[in-house]
Amino acid sequence: MIAKFEKEGNQNVNASSNQKDTFTAADWSNMSNKEKSDILMNYRLAYRSIAYVNWCEALGTILANDEVKDGVSERGGFPVERKAMEQWSLRTTAYAERLLTGLDQVDWSEALKGIQRNWIGRSEGATAFFQLDGHDEQIEIFTTRPDTIFGATFMVLAPEHDLIDKITTPEQKAKINAYLEYVGSRSELQRQSDVKNITGEFTGAYAINPIKGDKIPIWIAEYVLKDYGSGAIMAVPSDDERDQAFARHFGLDIVSVVDKADYPNADVHDKSGIMINSGFINGMEVKEAIQAVIQKLEELGVGHRTINYKLRDANFSRQRYWGEPFPVVYDTEGVAHLVDEAQLPVELPPLDDFKPTKDGKAPLAKVEDWVYADGRRREVDTMPGFAGSSWYFLRYMDPDNDDEFVSQKAVNYWQDVDLYIGGTEHAVGHLLYSRTWHKFFYDLGLVPTEEPFKKLVNQGMIGGRSNFIYRANEKFAEQLLEKELKKISTTFEKDTIIGEGEEAFKVDFACDKIKLAIELKSLYDLERYKDKHKQTLNEAGYHLLPISIEEVFAHYHEFDFIINKIKKASNGEIVPLNRNVRDTALFVSKDMIEDRSAVTKLYVDVNIVYNDVLDLAKFEKSRTDFANPVYILNDNGDYVCSHAFEKMSKSKFNVVNPDDMVEEYGADCFRMYEMFLGPIEQGKPWNTEGINGVQGFLKKFWALFYHHQDAWMVTNEKATKDEMKVVHTCIKRVNEDIERFSFNTCVSEFMKCANELRKLNCHKKEALEPLVVLLAPFAPHLAEELWHELGNEQTVFDADFPSHDEQYLVENSITYPISVNGKKRALFDFPVDASKDDIEKTALELEAIQKYIEGKTIRKVIVVPKKMVNIVV
RNA sequence: GCGGGUAUGGUGGAAUUGGUAGACACGCUAGACUUAGGAUCUAGUGCCGUGAGGCGUGGGGGUUCGACUCCCUCUACCCGCACCA
């Protein structure tokens, strides 16, 4: 194979050759792993290819995918175009299989492995070639169900498929072009979100089934993706939901080929059933038929077994300044060469302006004397972040080595990373790339292990805890007014029609007796509404009292004001509109809401909410848009907010800055509180209620050493047995909990220990010193300071980490819970060495137990030594 | 739809091997000290019930002397992927 390569060359594989002979994806996928790695070893992992970038003309920059939202830049909303550029790619696909099987060897969460498996997306099946009727070309398809080839009643190409133009018949041309235009008009987002809508068009062309031999129509449709498989499928409507929906929609044939009568609960993915209507494979089980068809395809030379992967080669170029420059120069022919070893490492030239060039080239292109330093043209793209992040841990093993990236001695000693703590957000980026990279190093014999990260723990994501306030809306004002009107008069009717015919209109409240109509609207609306129905009102003999919603809210707590207005109006007085209440909003405490639909939920800055109670003064200061707020507070006089767990985001007003917390509580306290929140792998909202508890602990711990600020209290007295027991219990548990990454319970243990030592009034060095070392990983600053105060010269981090001494933990009696029928009824202390019989006898005689067993037959007494007693009656 | 996960007091959570459910904190209640308190200390705090007592780990069922823990089943929510041939 290498010989073949030497001879024929390949532009995609050999970076240092400009020969243009091609080498197909199919050739590559048919090679064994050995052949692939040989090629990669000899011809490098990286190659040049055309890749697309998100170019934003207005911003003059290339954007990452997540900086593009709905086809425009997230920042500014400027148009973004896909721009083709020749870039470096990394042949990660060569490692697809090993990346997949390697997952079985690592101790990672199933979730993370699942994401990687899914991303690699292995599927086993067959490639088959369908001869075009009346053309020389064939259409390559991939299928996981070659057994259903007799049920293929049509073919579908992706709208981007190369052959469409060629095969479309003149009669269908217009329709096909119209369809392609429709597809082109749809954004990636639309195509993805609108999957139920069935669209497609017939090309007019036919293909010949390589096994069955019949002619089937070729369609194009959006549901076939250009990037998966070969961008074309044989459609088997009987055994594929999407094909079936398509066939039904366009009235295409459906031929049943799998009899699933024996498997009533199986779905398509189970690959079970008996073949029917399928020529030579009739009567075979599906799994058997798959093999038989693949064999037949190979015999006929029209297909072969294929393993397909979703994984794509990684784009290894960035048009940014910050990144490792490539050690590559181009000759006059444009062929890439490695720079001479003597010139390594290639360093970034200084630059002030980090924007790309006007035509979208990387910023380094602007530094001409660097680019053409030795006459040849340097590569101006830089490497992506994962170039360095894929192997930095190897460099850490031997950071001062000037000759190699890591010495064999060092790497054989350290091997790989024992424990990696990181988030799932790197699942298909960094964590996949470094595995690829490591395997490449392994193949080169540079590292002794195939997997870089043996064990990986995902820390949970700390989300934002949003707070909400409730602003009363129009409905609220209506309900309120209605209620208050009923108190003064029963003659007001809600939603009364005034006038007749076309002139008729509805007012919110009206009293026929005194001919008063009341319209409730926002001030803004009322100003426009005022004279609208004047004539109709006059004809009907009504006069109108406009009341603004703002006014109702403003006088919520002195509603008589509104009532008086109504009374005045009832007496025929003209009551003018009050414009001073503009911008008045009424906020209802969460626990005072009666009708959820009468209030609008709004985000409020979490930094002015304490334990879900809104700080009203800060609120009024921070939100000028609610200038004159009125509140409905609860019985305690508090405004209570509701809350929700969401991602932190500025628009949600739920972003908390850890710097503020560190400023207020100190880094030790912040660090410990993060640990105390709960299990490390569990995500949860960021919530600072409770940090006081950790702060309290640190103060208590400090108080074991110091009285007030400065009175040192630690003595050299010998610690008592009780004190040592407390200390060693803590040492034991903290050590065990660290082993299982249960840092929250470590913090609890420290708290318990400090509480108990305080009760024992213990200020003895013998007891406290080991605790300081134990605490060092949790509260490093405090521990280091106390460690020095205790008279130690070296840093606390060089001290031996304490381990417990069993002699302090020996118990001479154990408290047994004594249950009757599994319910705990009494507690009793027994000596450690009490015999089962003694325990049973004593337990049965206990007064507290007698009560429950009196007059009942004792069926069984279970005594579990050192645990419990259960009496079954 | 597929894959992974979670569910325990008012709140965060603990219970390591099937053996005292609610450790440790927050919050809350009462009290002490204080000019003051977002300080400190003391006591109480799963729910129902005046009480005896009963109930209780998302719902239902099972195994067991004994289930937060094991099995079956259902529900809700979270995360990831998704027209993947």
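Numbering (our numbering), first residue to last: 1 to 873.
Glycine included, each C-beta is placed from N, C-alpha and C at the ideal position.
Only a predicted model underlies this, so the values are computations on that prediction, with no experimental measurement involved.
- Bounds of the beta strand (DSSP E) holding LEU545 are 543-548.
- Taking one beta carbon from each stretch, the stretch 476-490 and the stretch 438-453 have fewer than 3 pairs nearer than 8 Å; the two do not touch.
- Straight through space, the alpha carbons of PRO170 and ASN118 are spaced by roughly 42 Å.
- According to DSSP, VAL428 shares a beta bridge with no other residue.
- Within the same chain, and ignoring the five residues on either side of VAL224 in sequence, the residues whose Cβ sits closer than 6 Å to its Cβ are VAL156, ALA158, ILE233.
- With distances taken between CA atoms, GLU493 lies nearest to GLN479 out of GLU502, GLU500, GLN479.
- Straight through space, the alpha carbons of ILE632 and SER548 are spaced by roughly 19 Å.
- Around the CB of VAL609, 16 or more other CB atoms lie within 10 Å, so the residue is classed as buried.
- Using a Cβ-Cβ distance cut-off of 8 Å, the stretch 669-676 and the stretch 738-756 are in contact, since at least three pairs of beta carbons, one from each stretch, lie closer than that value.
- With fewer than three CB-CB distances shorter than 8 Å, the stretch 510-530 does not count as touching the stretch 555-563.
- In summary, GLU140 is buried, with 16 or more beta-carbon neighbours lying within 10 Å of its beta-carbon over all protein chains present.
- Judged by beta-carbon spacing, VAL772 lies within the 8 Å limit of LEU790, meaning their Cβ atoms are closer than that value.
- Under the DSSP assignment, PRO817 falls in the beta strand (DSSP E) whose first and last residues are 813-820.
- If you draw a 10 Å sphere on the C-beta of SER835, you find fewer than 16 other C-beta atoms in it, and that means exposed.
- Taken in chain order, the whole alpha helix (DSSP H) runs of length 4 or more contained in the stretch 605-637 are 616-622.
- Under the 8 Å Cβ criterion, the stretch 557-567 does not count as touching the stretch 522-541, having fewer than three qualifying pairs.
- For HIS249, the enclosing alpha helix (DSSP H) covers residues 241-250.
- By the neighbour-count criterion, in which a residue is buried when 16 or more other Cβ atoms sit within 10 angstroms of its Cβ, ASN870 is buried.
- In summary, GLY445 is exposed, with fewer than 16 beta-carbon neighbours lying within 10 Å of its beta-carbon over all protein chains present.
- For GLY388, the secondary structure class from DSSP, reduced to helix, strand or coil, is helix.
- Under the three-state reduction of DSSP, THR332 is assigned to coil, being neither helix nor strand.
- The criterion of a C-beta distance shorter than 8 Å is satisfied by ILE281 and ASP147.
- By the C-beta criterion, the stretch 290-306 is judged to be in contact with the stretch 120-137, since at least 3 inter-stretch pairs fall below 8 Å.
- For TRP437, the CB contacts under 6 Å within the same chain, skipping 5 residues up- and downstream, are SER390, TRP391 in chain order.
- Residues GLN172, PRO217, TRP219 of the same chain have their beta carbon placed closer than 7 Å to that of PHE202, with the five preceding and five following residues left out of the count.
- Relative to ASP416, the option among ASP402, GLU425, PHE441 whose CA is nearest is PHE441.
- The straight-line gap separating the alpha-carbon atoms of THR688 and HIS707 is approximately 28 Å.
- Assignment of beta strand (DSSP E) within the stretch 155-232, counting only whole runs of 3 or more residues, yields 201-208, 215-220 in chain order.
- Here the alpha carbon of GLY114 sits roughly 10 Å from the alpha carbon of TRP108.
- Here the stretch 467-482 does not lie against the stretch 684-702, with fewer than 3 beta-carbon pairs under 8 Å apart.
- For GLY303, same chain residues with a beta-carbon under 7 Å away, outside a window of 5 residues either side, are ALA126, THR127, ALA128, PHE129, PRO210, LEU297 in chain order.
- In the structure shown, CYS753 adopts helical secondary structure according to DSSP, grouped into three states.
- Looking at the backbone, the Cα of TYR95 and that of ALA427 are separated by about 16 Å.
- The closest CA to that of ASN628, considering only PHE619, HIS135, ASP635, ASN636, is found on PHE619.
- Residue pairing by DSSP places MET234 opposite MET155 in a beta bridge.
- Between LEU602 and TYR639 a beta carbon distance of about 13 Å is seen, past the 8 Å cut, so the two are scored as non-contacting.
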